[in-house]
Structures are given as C-alpha cells and as structure tokens.
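Position one of the sequence shown corresponds to residue 1 (the UniProt record's numbering), numbered consecutively onward.
All C-beta atoms, glycine included, are put in the ideal place defined by N, C-alpha and C.
Because the structure is a prediction, the values reported are computed rather than measured.
Quick notes on the structure that follows.
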Amino acid sequence: MPRRQTTHPLLTAFGARMRDLRLDRKMSLANLAETSGVGKGALSSIENGRVNVTIATCVRIAMGLGIGVEDMIPKGSSFPNRR
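Shown next as structure tokens:
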C-alpha cells in the first residue's frame with residue numbers, strides 16, 4: 001500500500017505566499033525560473049508545498065521576484081516549538 005505523504009502546514013503556507021507574490025507581479029513560472037535561476041519544476045513543487053526549500057533557493061527566488069527574502073514569509077505564520 002502506498003504511503004500517504006503529508007505536507008507541513010508551513011510549507012503549504014510558504015508555497016501559497018510565493019505563488020501570490022509571483023501572480024501579483026504577473027509572472028509565469030517560466031518567467032520566475034528565468035529571473036531566479038530556479039527550475040520551473042522546482043518552483044512548482046515549492047508553490048504546492050511538496051518540498052522544503054533551502055535558504056539559498058529562497059534568496060534566489062526573492063531576487064527573481066524583486067523583493068527581500070523576509071517578504072516571502074507568510075504573514076501571521078507561527079513556528080511551533082516542537083520538531
């Protein structure tokens with residue numbers, strides 16, 4: 001039986017925030033891939049909350065969007081004290 005993959009709510013929120021920022025700028029995934037140097041497939045996976053993104057990739061995406069990396073953190077996010 002296949003294992004059901006769960007997504008951490010913070011990854012889902014981060015991906016949704018990234019998608020909103022991209023769409024606010026009227027950018028396609030292809031446009032953001034070009035400006036950030038991050039592949040289209042990787043960007044899609046991040047936006048869908050399927051992967052945990054590195055800080056280096058966050059910086060590249062933020063630069064591609066023309067924003068600071070701190071602007072990518074979803075507003076009202078809480079970071080639980082548990083692992």
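When DSSP states are grouped into helix, strand and coil, Pro74 belongs to the coil group. Cβ neighbours of Ala30 within its own chain (closer than 7 angstroms, five residues either side excluded): Lys40. In the structure shown, Met18 falls within a helical segment according to DSSP collapsed to helix, strand and coil. When the five nearest sequence neighbours on each side are left out, the beta carbons in the same chain lying within less than 7 angstroms of the beta carbon of Asn52 are those of Leu11, in order along the chain.
Sequence-distant partners of Arg17 (beyond 5 residues in either direction) whose C-beta falls short of 7 angstroms from its own C-beta, in its chain, are Met72, Pro74.
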